[in-house]
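Enquirer: Numbering (this note's numbering), first residue to last: 80 to 300.
Take this structure first; my questions come after.
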């Protein structure tokens, strides 16, 4: 049986895409740039907020100075409105409850900035004990660099063979592979199944309870 499950946040535990898109559109509007339909944002997210700003801007305008200004407007808006449309995916609260009832440790590894992770996760899962809540921090590389996984393992020491990483994107699968831990890709998030397959996910699941089965069996294969 797995002893620690590390979850990606956006697109895995929570559907945050409309709030992310609206905050980005707010930043674009404040700086006089055209905004985007919310439907395009699933293809923009996954590599941290800075990369989201770069992708949303016109190519010729994605200078370091403009990205920094975008980030300032984005964070001011998102800190206030980041939960307006966000909600857990169906079955996720029940999965987390069953994992913790079985004494399985759970953690978050997100490319969302740390302050937002610490604000949003407890709001939607107030009764859940987390072994670690890790987001993007200054000076720490974003996923797929595995540093965030190693930080979680520092806070919750667990043999890698007993760890499962769960995410919705190729970035997540690569993160798990670089950290040398088993992984599961989920189909309800922002990325297509073909991306998970191209990243060689150990297993791809269509509903949260399948993750419980993987944890109980001790292997995604």
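Every residue gets a Cβ at the ideal spot worked out from N, C-alpha and C, and that includes glycine.
For a quick check, are the C-beta atoms of residue 228 and residue 85 less than 9 Å apart?
Expert: Taking the chain shown and counting its residues from 1, the one referred to as residue 228 is at position 149. Taking the chain shown and counting its residues from 1, the one referred to as residue 85 is at position 6. Cβ atoms of residue 228 and residue 85: closer than 9 Å.
Enquirer: If you measure between the beta carbons of residue 87 and residue 245, is that distance less than 9 Å?
Expert: Position 8 of the chain shown holds residue 87. Position 166 of the chain shown holds residue 245. Yes. Within cutoff.
Enquirer: Take residue 261 as the anchor and find which of 268, 194, 251 has the nearest alpha-carbon.
Expert: As a first step, residue 261 is located in the chain shown; it is residue number 182 there, counting from the start. When each option's Cα is compared against that of residue 261, the closest is 251.
Enquirer: On the CB-based measure, 16 or more other CB atoms within 10 Å of its CB, does residue 288 come out buried or exposed?
Expert: Residue numbering aside, residue 288 sits at position 209 when the chain shown is read from its first letter. The residue in question, residue 288, is exposed, as its Cβ has fewer than 16 Cβ neighbours within 10 Å.
Enquirer: To the nearest angstrom, report how far apart residue 145 and residue 224 are at their CA atoms.
Expert: Here residue 145 corresponds to residue number 66 of the chain shown, with the count starting at 1. Here residue 224 corresponds to residue number 145 of the chain shown, with the count starting at 1. Those two C-alpha atoms are separated by around 25 Å.
Enquirer: Residues bridged to residue 262 by DSSP?
Expert: Translated into positions along the chain shown, residue 262 becomes position 183. Answer is 244.
Enquirer: Run through the segment 138 to 202 for me and flag every whole beta strand (DSSP E) of 3 or more residues, listed as ranges in chain order.
Expert: 184 to 192
Enquirer: Is the beta carbon of residue 239 within less than 8 Å of some heavy atom of the ligand GDP?
Expert: Looking at this structure, you won't find the ligand GDP or any other ligand, since it has none at all.
Enquirer: Give the straight-line distance between the Cα atoms of residue 170 and residue 254, rounded to the nearest whole angstrom.
Expert: On the chain shown, position 91 is the one that residue 170 refers to. On the chain shown, position 175 is the one that residue 254 refers to. Rounded to whole angstroms, residue 170 to residue 254 spans 24 Å at the Cα level.
Enquirer: Ignoring anything shorter than 3 residues or poking outside the segment 81 to 129, list the beta strand (DSSP E) runs there in chain order.
Expert: 83 to 86
Enquirer: Does the separation of the CB atoms of residue 102 and residue 157 fall below 9 Å?
Expert: Mapped onto the chain shown, residue 102 falls at position 23. Mapped onto the chain shown, residue 157 falls at position 78. Cβ atoms of residue 102 and residue 157: closer than 9 Å.
Enquirer: If you draw a straight line from the alpha carbon of residue 217 to that of residue 201, how long is it in whole angstroms?
Expert: Taking the chain shown and counting its residues from 1, one reaches residue 217 at position 138. Taking the chain shown and counting its residues from 1, one reaches residue 201 at position 122. The straight-line gap from Cα to Cα measures roughly 22 Å.
Enquirer: Tell me the rounded alpha-carbon separation between residue 96 and residue 240.
Expert: For the purposes of this step, residue 96 is taken as the residue at position 17 of the chain shown. For the purposes of this step, residue 240 is taken as the residue at position 161 of the chain shown. Going from the Cα of residue 96 to the Cα of residue 240 covers about 32 Å.
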